[in-house]
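Enquirer: The structure follows.
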């Protein structure tokens, strides 16, 4: 006779009917807010990029035909109210005329950019408008497209006689290998020739942001050969310790998008375009910040001399400021890029 083995009892939960999904506890809203105690200052909410402004602005690239009236109108209250000085480029004006023109300005002129050529031999004697003999602070400025037999001696001379030297790059170093190699050769040889003296700042224009095709989608831009070249060239340029980069309106064959008024309650085409510009600008700004740091980027509101695109000073200030702030920078970095760096580079060395 076989003995039947009794079936073990089922666990208590087996066979019970589920009553539906388990109700999870909800966190109170206070869990997402800083405490109300005396330690609340340890949990500050990050400020909106649209609210972060430099304490003051020194515009390092103001191109004017003879007065600042048009620039003031473009600057408006937001930029104009923060201006504490400008670096001025007076187009088609002789150095002897500049002093008379600047005397009538009501904005401090920290320095005036005076053109020189990289295609001719340097003068035997320094002109009277250069530092040491001029009443008005000046800095030398030249355009660069290719290296020639006189380019290195001319830049060497400029570095020996100027407070700072601006180089406006005529072309796109991200897509023109010959231009990039020529620029690198020029910088290496000219800085080597001035070893032993106090380093003179060299300030590049038309590289931040560089010329760019707006029809190229950002997704494709991230892996595009031109963008990879930009990243590598930026890293290489940063190895020159006296090299700075101007943050100017780009040559993108389109006007700078305006900033919608604060009272706007609907999304406008202009605001969409502005956001698109900021996304692209940040892609170029990020590698420069990473390579150069905040201390070697200088804001300016006018296009480089090699660009024929239109831009409004106030609109560019808003786009540049918000793009930089959206990188998560602190107030000190904002003040450096929009004011302190320009004063240090172009201000009097005395």
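In UniProt numbering, the protein residues as written are 1 to 350.
Positions of the beta carbon are idealized from the N, C-alpha and C atoms, including for glycine.
#1: For the 8 Å Cβ check, are there 3 or more pairs between the stretch 95-113 and the stretch 143-151?
#2: Could you say which of 274, 121, 245, 251 lies nearest to residue 285 if we only look at CA atoms?
#3: Relative to the C-alpha of residue 209, which candidate in 158, 316, 135, 80 has its C-alpha closest?
#4: Leaving out five residues before and five after residue 27 in sequence, what residues of the same chain have Cβ atoms less than 6 Å from its Cβ?
#5: Apart from the five residues on each side of it in sequence, which residues of its chain come closer than 6 Å, Cβ to Cβ, to residue 175?
#6: Would you mind listing the alpha helix (DSSP H) stretches within the stretch 148-176 that are 4+ residues and don't spill past its ends, in chain order?
#7: Report all residues from its chain with a CB closer than 8 Å to the CB of residue 335; omit the five preceding and five following residues, and keep chain order.
#8: Given 8 Å as the limit, is there contact between the stretch 166-180 and the stretch 204-220, that is, 3 or more CB pairs closer than that?
#9: Taking just the CA atoms, how far does residue 155 sit from residue 120?
#10: Which one of 326, 302, 308, 328 has the shortest CA to CA distance from residue 59?
#11: CA-CA distance, residue 192 and residue 159?
#12: For residue 83, tell me which candidate among 233, 66, 61 has the shortest Cα-Cα distance.
#13: Compute the Euclidean distance between the alpha carbons of residue 232 and residue 289, then round it to the nearest angstrom.
#14: Using DSSP bridges, identify the partner residues of residue 85.
#15: Should residue 238 and residue 281 be called a contact, given that it needs their Cβ atoms to be closer than 8 Å?
#16: Rounded to a whole number of angstroms, what is the C-alpha to C-alpha distance between residue 257 and residue 312?
#17: Using 10 angstroms around the beta-carbon of residue 80, count the other beta-carbons present and answer buried if the total reaches 16, otherwise exposed.
#18: Look up residue 144 in the DSSP assignment and give the residues it is bridged to.
#19: At the level of alpha carbons, what is the spacing between residue 306 and residue 152?
#20: Compute the distance between the beta-carbons of residue 241 and residue 287, then report whether it is under 8 Å.
#21: Rounding to the nearest angstrom, what Cα-Cα distance links residue 177 and residue 234 in this structure?
#22: Just to confirm before moving on: does the CB-CB distance between residue 279 and residue 218 stay below 8 Å?
#23: Let me make sure I understand the geometry here. Which of 223, 275, 342, 74 has the alpha-carbon closest to that of residue 294?
#24: If we ignore side chains and look at the alpha-carbon of each, how far apart do residue 255 and residue 124 end up?
#25: Please state if the CB of residue 116 and the CB of residue 68 are separated by a distance shorter than 8 Å.
#26: Kindly indicate the opening and closing residues of the alpha helix (DSSP H) around residue 346.
#27: Give a yes or no on whether the C-beta atoms belonging to residue 214 and residue 252 are separated by under 8 Å.
#28: Could you tell me the distance, in whole angstroms, from the CA atom of residue 126 to the CA atom of residue 90?
Expert: This is what the structure gives:
#1: no
#2: 245
#3: 316
#4: Note that residue 27 scores 46 on pLDDT, short of 50, meaning its location in the model is unreliable; the coordinates nonetheless yield the value given after this. Contacts found: none.
#5: 226
#6: Fully enclosed alpha helix (DSSP H) runs of 4 or longer: 151-161.
#7: 54, 55, 56
#8: They touch, by the three-pair rule.
#9: 10 Å
#10: 302
#11: 11 Å
#12: 61
#13: 13 Å
#14: 58
#15: Cβ atoms of residue 238 and residue 281: not closer than 8 Å.
#16: CA-CA distance, residue 257 to residue 312, rounds to 9 Å.
#17: buried
#18: 169
#19: Residue 306 and residue 152 have their C-alpha atoms some 21 Å from each other.
#20: no
#21: 14 Å
#22: Result yes, Cβ atoms of residue 279 and residue 218 sit closer than 8 Å.
#23: 342
#24: Going by the C-alpha atoms only, they are around 43 Å apart.
#25: For residue 68 and residue 116, no; Cβs fall outside 8 Å.
#26: 341-346
#27: yes
#28: 20 Å
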